[in-house]
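4 protein chains.
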Amino acid sequence: MTTARARLRELGITIGRYPTGPVNAITDVPGVLVGHKTIIRDAPNVVRTGVTVVVPREGRIHEDYPFAGFFSFNGIGEMTGVPLIDEWGVLTSPVVLTNTSQVGTARDALVEYGTRAYGDFAFKLPVVAETYDGFLSDSDAFAITREDVIEAVECAASGPVAEGSVGGGTGMICHEFKGGIGTASRLVKSAGHTYTLGALVQANHGIRSLLRVDGVPVGQYIDSERVPLPSSTGDRHPLSAPIEASSILIILATDAPLVPLQCKRLARRATLGMARAGGVGHNTSGDLFLAFATGNHYHEHGKEIWNIQMLPNSAMDPFFEASAEVVEEAILNALTCAETVTGLHGRTAYALPLDDLVEIYQRFNRVKSSEAPE
Amino acid sequence: MTTARARLRELGITIGRYPTGPVNAITDVPGVLVGHKTIIRDAPNVVRTGVTVVVPREGRIHEDYPFAGFFSFNGIGEMTGVPLIDEWGVLTSPVVLTNTSQVGTARDALVEYGTRAYGDFAFKLPVVAETYDGFLSDSDAFAITREDVIEAVECAASGPVAEGSVGGGTGMICHEFKGGIGTASRLVKSAGHTYTLGALVQANHGIRSLLRVDGVPVGQYIDSERVPLPSSTGDRHPLSAPIEASSILIILATDAPLVPLQCKRLARRATLGMARAGGVGHNTSGDLFLAFATGNHYHEHGKEIWNIQMLPNSAMDPFFEASAEVVEEAILNALTCAETVTGLHGRTAYALPLDDLVEIYQRFNRVKSSEAPE
Amino acid sequence: MTTARARLRELGITIGRYPTGPVNAITDVPGVLVGHKTIIRDAPNVVRTGVTVVVPREGRIHEDYPFAGFFSFNGIGEMTGVPLIDEWGVLTSPVVLTNTSQVGTARDALVEYGTRAYGDFAFKLPVVAETYDGFLSDSDAFAITREDVIEAVECAASGPVAEGSVGGGTGMICHEFKGGIGTASRLVKSAGHTYTLGALVQANHGIRSLLRVDGVPVGQYIDSERVPLPSSTGDRHPLSAPIEASSILIILATDAPLVPLQCKRLARRATLGMARAGGVGHNTSGDLFLAFATGNHYHEHGKEIWNIQMLPNSAMDPFFEASAEVVEEAILNALTCAETVTGLHGRTAYALPLDDLVEIYQRFNRVKSSEAPE
Amino acid sequence: MTTARARLRELGITIGRYPTGPVNAITDVPGVLVGHKTIIRDAPNVVRTGVTVVVPREGRIHEDYPFAGFFSFNGIGEMTGVPLIDEWGVLTSPVVLTNTSQVGTARDALVEYGTRAYGDFAFKLPVVAETYDGFLSDSDAFAITREDVIEAVECAASGPVAEGSVGGGTGMICHEFKGGIGTASRLVKSAGHTYTLGALVQANHGIRSLLRVDGVPVGQYIDSERVPLPSSTGDRHPLSAPIEASSILIILATDAPLVPLQCKRLARRATLGMARAGGVGHNTSGDLFLAFATGNHYHEHGKEIWNIQMLPNSAMDPFFEASAEVVEEAILNALTCAETVTGLHGRTAYALPLDDLVEIYQRFNRVKSSEAPE
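Residue numbers (the numbering used here), protein chains in the order written: chain A, 1 to 374; chain B, 1 to 374; chain C, 1 to 374; chain D, 1 to 374.
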């Protein structure tokens, strides 16, 4: 069942009609970097965990805030820093994605790092979010150190992004296959410009029977005899949900000049891509979505009036349509890139079999090729 | 192109895996009634409009409030009474769906009717919502009278519900076909009981190219040469959007004993069914969702403590999954039931051709039949 | 008990430390006009009602939207148009304040007026809000006509604003004295400019024992033997609250260049002034607050990028402090300007006796005069 | 200037008209415990910090959730666990209040403690909140350990609560005097029962000139010559605000049977007491309010329907009025109990001088004694 993994498009499957950016990743948005720190070990604890960081502004976020907005589709998860985003509409720190038990470690690491690197008030209320990887990884191990977090920040880079069982996604499970980190991007023509819209997800949610790939109910055709379910051990998710109904974090980034309220509108649209792929926001899921826009530059320092730009709301539709596409594809990239992982207590989360995926998809393939809308 | 219309299931197309109630309509929820008043005339103005009313509690809603919750996926629409729903978590009046220009007429009609029928404080802050039918109907006509609204309330009945170009849906357009009113229901086993979940939509949103039916991109296969677009006249929606990107109202009802916050959770899930069918919440759309639950009885009168029941949150997942199904099917029923309508300035909104729908669906049909989950 | 009424400052009582604008009214904000239509008659029904309109942009609001934000401190009231404000962050119509039963009449009047005056899409989702005047006025009379509403819009003017029992405030009761319309303004130095912040309230809320004037518990010193309570008849507010615990609408306006999220922040601060004067958001109150900022110009038409200005958040504090002052003073102006009114069934709402107010205030007067902060 | 400190009532000053519980503290609510861990040292770093914990259910909160609601008046602060509270309306962990830099330490400590003490899924998404004490304490010291946090949880007790410069309040500054922890309670008769409403605040907000004590503008009468301001050193708060405009955390608890939405209503009312005492929600303040109600018992385990009680909304007014009182008094108790503290770089935050307070208050004392309303 172990095969070379691939991104969705490498399998001949395309989501939607907007063109992608150069590497089809959130890093196509100028200045957005991604870093991973993956932690895999079998002793003294079985650990399959890590940290993924999205760093805007090529690292100068401490002095150049993008506008931002937040939306919770289902709130049984954690994202720190949200009250500030709701109040000021800005992002003031890198965004860290990790496991449930160590949000605090990552948060204080950012506080300390910001202070040391940039002076007293950088990263005081940072954004750290989580999904739960306790099925595969011993959460009692508290394996992530502050240094791991800072390493992920400092190694963040532009260009292609590792996906699947990597960084914060190392131990994650999605639609009852092995999940993790996925990303995608779209080019959006609006208001006379071409902007980039990128998504990065840490996908740890959903049940198999609801999984769809571009509308094709792939999950229904790969039953537990074909590929065992991770929940077969009877383990339970924290707060009493089955393991298969956990969380998804979605980060949307664009270089368009959106104002804060428009970022919130965009964050809400992340729901669309999740829904198309079969997510329903199960009861114990933390479906927390963050959108930021780098098209304006802002900082709290100083008291001079800022001259900013604002995309007219009437030019938002291409972003809304593309956000559905880019999130769906990012989720599917997480699935197609993640390899089978065996971890805690010998439990295994199996990779989505790519041969099956392609076969099922081709059997029902019926999307007309189409040009991107202007 | 005019053919006998039918509900989606009559065409052999089934959405999802939960079973329907007896008539597959919101009226399957005990005590929920639906009434329509359709207004079609050509002189002195060309009018294609009306009123649809959802009446809970077999009309005793003035003295027996269901719990309720509201969600706005995109707010360029109107629903009166929302601040009360957000504050108290109850529904205190029938729910009226009508056109944009006459929300006020319908609202004051309910106020007056409540006072006359039930005494001074009934229906003082009623729920009236709208979508825009000015493409087919002369909104300057202000054709709806207070009497029309009351007639719709008083004729509300249980049992099968007329769908398509009827009542508030008379002049509506959905995914660039003729739209309007649609409804569906599901039976949900949860916490040891079988509950009913029903949806009723007034669908006036979406673009054709994004329309999907159970994942099949039907809209891509029926181009404007096959069936003309309603926007071909170049008319524009209020507030500058193209006509095809307007609004959808979704009402969810259940007899489960939900508390107000759980109704809000359910209302948010209406997004899922809209997304699966291809809605994206275009910029000028009023995508306003209301969920109410009749499983408890409550009123503001008196100061005694109420004994109520609460479904555990851990039993909500079947409702969340079923809400996606029931909304998708209600939207599609609006499309398959609505007939072609010609109205203002000779403009025509064409019905979704059922032969095409069935042919395209069967060509790509690939959903395994499945039993409802327990 | 009938004496010549006066504004609070004419009585020698000053709220806070920021200076007022020229006429100490919301009309000090450039371009903001106010119009009233007062309807008082005794046959065939006893009517004490009316309409007050706040018209931004000297009437050109149909083509030049201010940014706006909304906050509900307690939602048992109505304000139409709120979903649009939450979504786009703009105000697209005049703001109408009236009684509970005729929100619909006023709303549809604005829709019709907008269409006729400015073309098809003006004022399609207008803002109309209410408080309940059924203690003094026969709400069954439905006395307000569409023409009354339009008259109020068209007569709106800059300069001094009539206060107390006028327009929408004609039948209102505040802290168990006669209430109604009140207004005030402040000059705010921020970010190198001097801006104007204005408030207009329709005050129909609160109980007497909690009324405070600049911290002095005036309400405790004017008991029901000195001035009878309006609730002595035992009448009840809609939705079962005592008459004395009804609603307050607060409109804040400024010419500062705020973005939508900052308007929402400002709207939330209206709570402060209400709280200082003794309001608590009683259970049946509709405490609905709207803030708009005219410092930027925006419209949905066109798809070009807008160049706008944004006050830095770090320059918001003077606005927050001034908003508390301006709302407290507007509420108190409503009380000191309103005359005693006798209405339906011979019921009387008594004016706050100004001699008592001044005597009690002077007895406990202890605010140091101070300069406005820079 | 150093005198024996006292609670406000010991000085003869009473806030409002509702009676207090036995010890006038949040611990009057049955089952609510409070624990402090205070950390004061001068080497190797100057540390004035700590942790305060509110523990509901006598520690059995892992298996018996109270309902809860959250409100952010100004969001420039952190409270973890809020998405869960917004979604489920329950509190699932102790509530920890600490400094800004170590929210993460406290959070992960709770996660670890919950797992070890109660099994795998306790305290996975705990509530930890912060205000900033970097003026007096070296935030680079990261002085708080996981053990400190757990010690505070385990030492939590009923009965009188230490106030002022203790626990999480050790380094806090309020209205430019020394601030910190304060608490108060009220007995509320409603719906035929007597309930307890308690507040606990970590007060680190406000400017001196706006401080009011029961309406008396005490802050105006104690100028910086009489008592120096803490901001005289020119230090700045994180994110660019002056030190004097920082944050306040407010926890409200009651044994009444509120449902989640009613807890949210109550949390919003915390604004009233803060406003009466002179708070305005300055730009950089984290004014985050949490209310929980122990009158019902609930847990996510199991799928059986819960029988719960619900106070009618019409019985909420005494809670709303009392919440204003109890928060104002808790803030003032923080001020009157906190002693002068000298810390980092020799900076001093001076205690509110009680002699001055009493003298100023008596000079303007004018509140009639009154009975509590029924």
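In this text, a Cβ means the ideal position worked out from N, Cα and C, and glycines have one as well.
As the structure is a computational prediction, the values presented were derived from the model and not from experiment.
Discussion item. Report the start-end ranges of each beta strand (DSSP E) in the stretch 158 to 202 of chain C that is 3 residues or longer and not cut off at the edges.
Written reply: Taken in chain order, the unbroken stretches of beta strand (DSSP E) that lie wholly in the stretch 158 to 202 of chain C and span 3 residues or more are 180 to 190.
Discussion item. Tell me the residue span of the alpha helix (DSSP H) that contains ALA109/B.
Written reply: 103 to 118
Item to complete: Return yes when the Cβ of GLU163/C is within less than 8 Å of the Cβ of CYS337/C, no when it is not.
Response: It is a contact, given that the beta carbons lie within the stated cut-off.
Worksheet item: Hey, does MET316/C have any beta-carbon neighbour from chain D nearer than 8 Å?
Response: yes
Discussion item. Quick check: ILE331/D and MET274/D, are their CB atoms within less than 8 Å of each other?
Written reply: yes
Fill in: Euclidean distance between Cα positions of GLY134/C and SER101/C
Rounded to whole angstroms, GLY134/C to SER101/C spans 9 Å at the Cα level.
Fill in: Neighbourhood of THR342/C by C-beta, 7 Å cutoff - its chain only, sequence neighbours within 5 removed
THR348
Item to complete: Thinking PHE320/C and THR254/C are a contact (beta carbons under 8 Å), I'd like their distance in whole angstroms, please.
Response: Contact flag wrong, Cβ pair sits at about 12 Å.
Discussion item. With a threshold of 6 Å on Cβ separation, who are the neighbours of SER139/D within its own chain once the five nearest residues in sequence on each side are excluded?
Written reply: These residues qualify, in order along the chain: SER101.
Practice prompt. Note down, in chain order, every chain D residue with its Cβ under 8 Å from the Cβ of GLU321/C.
Written response: LEU210, VAL280
Worksheet item: PHE73/B CB to nearest chain A CB: under 8 Å?
Response: yes
Worksheet item: Between which two residues does the beta strand (DSSP E) containing ARG41/D stretch?
Response: Bounds of the beta strand (DSSP E) holding ARG41/D are 33 to 41.
Worksheet item: TYR65/A bridges to which residues according to DSSP?
Response: DSSP lists TYR298/A as partners of TYR65/A.
Discussion item. Just checking: is the beta-carbon of PHE70/B within a distance shorter than 8 Å of some beta-carbon in chain A?
Written reply: With respect to chain A, the C-beta atom of PHE70/B has no partner C-beta closer than 8 Å.
Worksheet item: Do you know whose CA, among SER209/B, GLY77/B, SER224/B, ALA25/B, lies nearest LEU375/B's CA?
Response: This structure cannot settle anything about residue 375/B, because the visible part of chain B is limited to 1 through 374.
Worksheet entry | Residue environment, GLN362/A, which counts as buried when at least 16 other CB atoms sit within 10 Å | exposed
Discussion item. Classify ARG60/A: buried if its beta carbon has 16 or more other beta carbons within 10 angstroms, exposed otherwise.
Written reply: exposed
Discussion item. If you measure between the beta carbons of VAL213/B and ILE248/B, is that distance less than 8 Å?
Written reply: No, the Cβ-Cβ distance between VAL213/B and ILE248/B is not below 8 Å.
Fill in: Boundaries of the alpha helix (DSSP H) in which ALA122/B is found, first to last residue
First-last for ALA122/B: undefined, no H or E at that position.
Worksheet item: Under 8 Å between C-beta atoms, does ALA191/A make it to chain C?
Response: It does; some Cβ of chain C falls within 8 Å.
Discussion item. So the candidates are GLU151/C, THR27/C, VAL227/C, ALA143/C; which of them puts its Cα closest to the Cα of GLY171/C?
Written reply: ALA143/C
Fill in: Where the alpha helix (DSSP H) through ASN333/D begins and ends
Counting along the chain, ASN333/D sits inside the alpha helix (DSSP H) bounded by residues 317 to 337.
Worksheet entry | For HIS301/C and SER323/A, the rounded distance between their alpha carbons | 23 Å
Worksheet item: With 16 other CB atoms within 10 Å as the buried threshold, where does ASP355/B fall?
Response: exposed
Worksheet item: What did DSSP end up calling LEU229/B once you bin it into helix, strand or coil?
Response: coil
Worksheet item: Any chance the stretch 52 to 70 of chain A sits against the stretch 38 to 52 of chain D, with 3 or more Cβ pairs inside 8 Å?
Response: no
Practice prompt. Report the three-state DSSP secondary structure of ASP355/A (helix, strand or coil).
Written response: helix
Fill in: Alpha-carbon spacing of GLY16/A relative to ASN74/A, whole angstroms
25 Å
Discussion item. Looking at the secondary structure, which residues open and close the beta strand (DSSP E) in which ASN150/C lies?
Written reply: It is Ile, not Asn, that sits at residue 150/C in the sequence shown. Note, ILE150/C: premise wrong, no beta strand (DSSP E); alpha helix (DSSP H) at 146 to 154.
Worksheet item: When the Cα of ALA122/B is compared with those of GLY281/B, ALA129/B, GLU63/B, CYS155/B, which residue comes out closest?
Response: GLU63/B
Fill in: Neighbourhood of ILE308/C by C-beta, 6 Å cutoff - its chain only, sequence neighbours within 5 removed
ASN296
Worksheet item: Who are the neighbours of PRO83/C on chain G, taking C-beta pairs under 8 Å?
Response: In summary, chain G is missing from the structure at hand, where the protein chains are A, B, C and D.
Discussion item. Just to check my reading of the structure: VAL90/A and PRO66/A have Cβ atoms closer than 8 Å, yes? What is that Cβ distance to the nearest angstrom?
Written reply: 7 Å
Item to complete: Under 7 Å between beta-carbons, which chain B residues line up against LYS303/D? List them in chain order, please.
Response: ALA191, PRO312, SER314, ALA315
Discussion item. Closer than 7 Å between beta carbons: that is the criterion. Which residues of the stretch 251 to 269 of chain B meet it against chain A?
Written reply: The residues in question are ARG268, ARG269.
Item to complete: Establish whether the CB of ASN283/A and some CB of chain B are separated by less than 8 Å.
Response: yes
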